[in-house]
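The listed protein sequences derive, respectively, from chains A and B.
Take the first sequence: its position 227, counted from the start at 1, is 227 in this note's numbering, and no numbers get skipped.
Each number in this note's numbering comes from the position in the second sequence (counting from 1) with 325 added on.
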Amino acid sequence: MGNVLIIAQIQDGEVKKATNSTVTFASEVVSHIGGAYSILALGDDLSGQSEALAALGAQKVFLAQADGLDNAIAERWTPIIEKVVVDGAFQVVVSPASSTGKDVLPRLAARMGAGMASEVVEVVFSDGKLNYTRPMYAGNVNGTVIIDTPVEILTIRPTEFEAFSSTGASPVEKIDVPQAPEILGKIEFLGFEKAESTRPDLAEAGVVVSGGRGLKSEENFKLIEDLADLLGGAVGATRAAVDAGYIHNDFQVGQTGKIVAPDLYFAVGLSGALQHVAGMKSSKVIVAINKDEEAPIFQVSDYGVVADLFKALPELVEEIKKVAK
Amino acid sequence: MKILVTMKRVADPDNANKVKISGDGTQVTSEGLEWKPNPFDEYGVEAALRILEDGVGSGKLRGEVVVVTIGPEEVTQQIRQCLAMGADRGILVSGDDDKLDAMIVARTMAKLVEKEQPDLVIMGKQAVDGDSNQASQMLAEILGWPQATFAGHVEVPEDLSSATVTREVDGGAAKVKVAFPAVLSVDLRIVTPTGVNNNVAAGKDYQEGPRYASLRGIMKAKKKPIDKLTLDDLGVDRTLQVRTVSFTQPAARSAGVILETVQELVQKLQDEAKVL
Numbered sequence: 001m002g003n004v005l006i007i008a009q010i011q012d013g014e015v016k017k018a019t020n021s022t023v024t025f026a027s028e029v030v031s032h033i034g035g036a037y038s039i040l041a042l043g044d045d046l047s048g049q050s051e052a053l054a055a056l057g058a059q060k061v062f063l064a065q066a067d068g069l070d071n072a073i074a075e076r077w078t079p080i081i082e083k084v085v086v087d088g089a090f091q092v093v094v095s096p097a098s099s100t101g102k103d104v105l106p107r108l109a110a111r112m113g114a115g116m117a118s119e120v121v122e123v124v125f126s127d128g129k130l131n132y133t134r135p136m137y138a139g140n141v142n143g144t145v146i147i148d149t150p151v152e153i154l155t156i157r158p159t160e161f162e163a164f165s166s167t168g169a170s171p172v173e174k175i176d177v178p179q180a181p182e183i184l185g186k187i188e189f190l191g192f193e194k195a196e197s198t199r200p201d202l203a204e205a206g207v208v209v210s211g212g213r214g215l216k217s218e219e220n221f222k223l224i225e226d227l228a229d230l231l232g233g234a235v236g237a238t239r240a241a242v243d244a245g246y247i248h249n250d251f252q253v254g255q256t257g258k259i260v261a262p263d264l265y266f267a268v269g270l271s272g273a274l275q276h277v278a279g280m281k282s283s284k285v286i287v288a289i290n291k292d293e294e295a296p297i298f299q300v301s302d303y304g305v306v307a308d309l310f311k312a313l314p315e316l317v318e319e320i321k322k323v324a325k
Numbered sequence: 326m327k328i329l330v331t332m333k334r335v336a337d338p339d340n341a342n343k344v345k346i347s348g349d350g351t352q353v354t355s356e357g358l359e360w361k362p363n364p365f366d367e368y369g370v371e372a373a374l375r376i377l378e379d380g381v382g383s384g385k386l387r388g389e390v391v392v393v394t395i396g397p398e399e400v401t402q403q404i405r406q407c408l409a410m411g412a413d414r415g416i417l418v419s420g421d422d423d424k425l426d427a428m429i430v431a432r433t434m435a436k437l438v439e440k441e442q443p444d445l446v447i448m449g450k451q452a453v454d455g456d457s458n459q460a461s462q463m464l465a466e467i468l469g470w471p472q473a474t475f476a477g478h479v480e481v482p483e484d485l486s487s488a489t490v491t492r493e494v495d496g497g498a499a500k501v502k503v504a505f506p507a508v509l510s511v512d513l514r515i516v517t518p519t520g521v522n523n524n525v526a527a528g529k530d531y532q533e534g535p536r537y538a539s540l541r542g543i544m545k546a547k548k549k550p551i552d553k554l555t556l557d558d559l560g561v562d563r564t565l566q567v568r569t570v571s572f573t574q575p576a577a578r579s580a581g582v583i584l585e586t587v588q589e590l591v592q593k594l595q596d597e598a599k600v601l
């Protein structure tokens with residue numbers, strides 16, 4: 001029997017949907033190895049999130065609260081998570097593959113001498129071991145991974161697991177947070193610069209409209225924004241569009257950017273480089289608009305329109321407005 | 326100041342869709358594909374050079390840049406590419422990819438750090454073949470050094486005692502200052518024209534991307550030393566903690582239909598896909 005510890009993802013005071021997806025993953029693991037899952041959240045003050053966390057069906061919710069924990073400094077978080085893992089004899093530690101999860105969990109793995117698998121998309125149980133599937137080579141190969149250490153550490157790709165919903169009320173325990181380790185003297189948090197957006201979170205949006213180099217300028221990106229806003233969606237971009245300065249890099253979709261899987265994905269004025277496709281190919285419906293009929297994006301799209309985006313996008317906005325009436 | 330930069334060779338990332346899986350599903354083969362330095366590691370070399378240069382593109386470094394790799398003998402070629410960019414020397418630790426996991430890589434680097442005593446280790450945030458994004462964080466923990474991962478911008482003071490790093494994280498950018506010795510992992514934006522500010526070569530911007538080797542650089546690189554070591558020389562524990570036991574091809578999406586008009590698209594999205 002083993003127990004699973006989930007590290008919650010909290011951003012802007014909100015328990016992110018990625019946490020719910022991680023709960024679904026943890027339930028699957030528990031169905032294989034027995035035990036139960038618990039949740040650990042770290043932050044300055046989690047009184048506002050406690051209720052949402054307690055509604056995720058966990059055996060227990062642990063809250064680690066101390067000044068500075070909101071900054072998610074890996075050197076600060078690691079010993080706290082380690083203590084909870086050791087005290088609770090957890091066998092699997094899992095977090096969404098958020099930037100914090102990616103930053104902190106490998107450090108935890110090294111600290112605990114535990115093996116780690118990144119961006120897991122599937123788990124099965126075979127010959128008494130958990131087998132994790134994870135994408136490699138920009139999603140062109142899936143590897144099946146087995147971890148041979150007593151504690152197994154994972155990040156999972158939230159888009160591959162349904163978001164768990166429940167109305168339960170788990171017991172909540174405020175843990176004693178260990179003192180900040182000495183190494184904190186060598187790292188100073190200077191601040192967080194928020195990428196301002198009034199639109200839904202790219203990772204959670206039901207509709208994503210992405211633009212590429214074909215947009216030609218920052219001003220033209222407004223065409224992408226107009227369509228996104230009409231559909232209550234998020235805006236995404238290719239690396240080329242980000243590098244060209246059309247949009248902030250927080251909106252980059254791809255192998256090394258955000259991984260998205262909305263119900264509806266528009267790929268506009270982008271060729272479909274495999275690094276980009278790696279970040280969006282799990283979308284339910286993909287629409288491509290590109291004037292080059294040879295563009296590889298048409299190979300992965302459900303619907304394609306070969307057209308000049310500067311003409312097609314405004315037209316599309318008008319047409320959708322018509323049918324929405 | 327000494328900077329250690331790690332570099333892994335990877336199959337040409339722009340042709341990652343051409344890698345093949347062996348019949349028994351136990352190996353990935355990249356026959357016919359060119360080997361290249363992992364792009365993020367190339368950015369690491371560029372960042373190290375920019376940190377140490379005494380002027381934009383001057384080629385004169387205020388310290389030493391050492392490129393280290395684990396791989397077969399043939400990786401000397403990719404090390405030479407990095408030396409041609411301007412790094413000073415290389416270290417090649419012989420090893421097979423399928424007998425390594427991130428922890429063995431981190432342990433190996435820790436041994437090299439012990440040997441070389443650098444002030445800073447720079448690593449690419451992930452190798453674009455394995456896509457794990459683990460080794461730099463693990464190394465920092467093993468060494469007990471601070472880490473600044475996913476660096477999109479780095480500023481160092483003239484005395485090279487620390488780095489102020491803008492980290493690319495969900496929802497924006499986090500700024501941290503780490504005292505050296507430290508481990509940095511670099512993200513895409515580090516090679517934008519203003520990705521590194523060393524307060525010496527200030528005022529002028531770099532070209533976008535990692536620099537191309539000059540002919541002179543390529544000639545000089547041929548004479549630069551590459552030390553060759555084994556994992557046994559370094560006394561690295563080679564127990565695998567993580568085994569990739571099989572590989573499969575993910576289900577491919579099939580191409581859909583090409584529509585003539587936007588009107589048709591809207592109709593399909595509404596009636597067929599039912600997403601509007």
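Backbone N, C-alpha and C fix where the C-beta goes; we use that ideal spot for every residue, glycine too.
Treat the numbers as computed from the prediction; the structure is a model and nothing was measured.
| Item | Value |
| --- | --- |
| Which chain A residues are close to Glu367 (chain B), counting only those with a beta carbon under 7 Å from its beta carbon? | Ordered by position in chain A, no residue passes the 7 Å Cβ test against Glu367 (chain B), which lies about 14 Å from the chain. |
| Can you tell me which of A:Asp250, A:Val300 and A:Lys284 puts its alpha carbon nearest to the alpha carbon of Leu270 (chain A)? | A:Val300 |
| Using a cut-off of 8 Å between C-beta atoms, extract the partners of Val287 (chain A) located in chain B. | Leu590 and Leu594 |
| Can you tell which of A:Ser50, A:Gly139, A:Glu293 and A:Val92 has the C-alpha that lies nearest to the C-alpha of Thr155 (chain A)? | A:Val92 |
| Using a Cβ-based criterion (distance less than 7 Å to any ligand heavy atom), does Pro482 (chain B) qualify as near the ligand FMN? | In terms of ligand content, the structure shown is empty, and the ligand FMN therefore cannot be addressed. |
| Assuming Ile376 (chain B) and Ile328 (chain B) form a contact by the criterion Cβ under 8 Å, report the distance between their Cβ atoms to the nearest whole angstrom. | 7 Å |
| Quick one: measure Cβ to Cβ for Gly2 (chain A) and Ser38 (chain A), integer angstroms, because I've assumed they're closer than 8 Å. | Rounded, the Cβ-Cβ distance is 12 Å, inconsistent with contact. |
| Per DSSP, what kind of secondary structure is Lys284 (chain A) in: helix, strand or coil? | coil |
| Tell me, please, whether the CB atom of Ser457 (chain B) is closer than 8 Å to any CB atom in chain A? | yes |
| Could you tell me which chain E residues have their CB closer than 8 Å to the CB of Ser571 (chain B), listed as they occur along the chain? | Structure shown: chain E not included; protein chains present are A and B. |
| For the region 440 to 457 of chain B against the region 507 to 524 of chain B, do three or more pairs of beta-carbon atoms, one drawn from each stretch, fall closer than 8 Å, so that the two count as touching? | yes |
| Pull up the distance between the alpha-carbon of Ala234 (chain A) and that of Leu554 (chain B), whole angstroms please. | 50 Å |
| Have a look at B:Asn458, B:Gly357, B:Gly382 and B:Ala504 and flag the residue whose alpha-carbon is nearest the alpha-carbon of Ala538 (chain B). | B:Gly382 |
| Just the C-alpha distance for Gly304 (chain A) and Leu584 (chain B), rounded to the nearest angstrom, thanks. | 6 Å |
| When we look at the beta-carbon of Gly455 (chain B) and count the other beta-carbons within 10 Å, is it buried (16 or more) or exposed? | buried |
| Give a yes or no on contact between the region 237 to 245 of chain A and the region 173 to 189 of chain A, applying the rule of three or more CB pairs nearer than 8 Å. | no |
| Between the alpha carbons of Gln179 (chain A) and Ile73 (chain A), how many angstroms are there, rounded? | 14 Å |
| Determine the direct distance from the alpha carbon of Gly380 (chain B) to that of Pro518 (chain B), and round the result to whole angstroms. | 14 Å |
| Compare the C-beta of Ser95 (chain A) against all C-beta atoms of chain B and say whether one is closer than 8 Å. | no |
| Report the rounded CA-to-CA distance for Thr354 (chain B) versus Trp360 (chain B), giving the unit in angstroms. | 12 Å |
| Using a C-beta to C-beta distance shorter than 7 Å, which residues of chain A count as neighbours of Glu398 (chain B)? | Going along chain A, no residue has its Cβ under 7 Å from Glu398 (chain B), so there is no contact; the nearest lies around 23 Å. |
| By the DSSP assignment, the alpha helix (DSSP H) with Phe310 (chain A) in it spans what residues? | Leu309 to Ala324 |
| Spatial neighbours of Ala36 (chain A) within its chain, please: C-beta separation below 7 Å, excluding the five flanking residues on both sides. | Asn3, Val30 and Gln59 |
| Going by the CB atoms, is the gap between Ile10 (chain A) and Gln566 (chain B) shorter than 8 Å? | no |
| By a C-beta neighbour count over all protein chains shown, 10 Å radius and 16 as the cutoff for buried, is Asn523 (chain B) buried or exposed? | buried |
| With DSSP run on the structure shown, which of helix, strand or coil describes Ser38 (chain A)? | strand |
| Grab the span of the beta strand (DSSP E) containing Asp552 (chain B) for me, first residue to last. | Ile551 to Thr555 |
| Suppose the cutoff is 8 Å on Cβ atoms and the five residues either side in sequence are ignored; what does the same chain contact list for Thr394 (chain B) look like? | Thr331, Met332, Lys333, Arg334, Val400, Gln403, Ile404, Gly415, Ile416, Leu417 and Val418 |
| If the cut-off is 7 Å on Cβ atoms, which residues from the region 458 to 472 of chain B count as contacting chain A, listed in chain order? | Asn458, Gln459, Gln462, Met463, Ala465, Glu466, Ile467, Gly469, Pro471 and Gln472 |
| CA-CA distance, His276 (chain A) and Tyr137 (chain A)? | 12 Å |
| Where do the ends of the beta strand (DSSP E) carrying Arg334 (chain B) lie? | Arg334 to Ala336 |
| Would Pro362 (chain B) be called buried (16 or more neighbouring beta carbons within 10 Å of its own) or exposed? | buried |
| For Thr159 (chain A), would you say it is in contact with chain B, using Cβ-to-Cβ distances shorter than 8 Å as the test? | no |
| Please list, in chain order, all residues of the same chain as Ala195 (chain A) whose beta carbon is under 7 Å from its beta carbon, the five residues on each side excluded. | His248 and Asp250 |
| Determine the DSSP secondary structure at Gly232 (chain A), reduced to helix, strand or coil. | coil |
| Check for me: the beta strand (DSSP E) holding Val393 (chain B) runs from which residue to which? | Glu389 to Gly396 |
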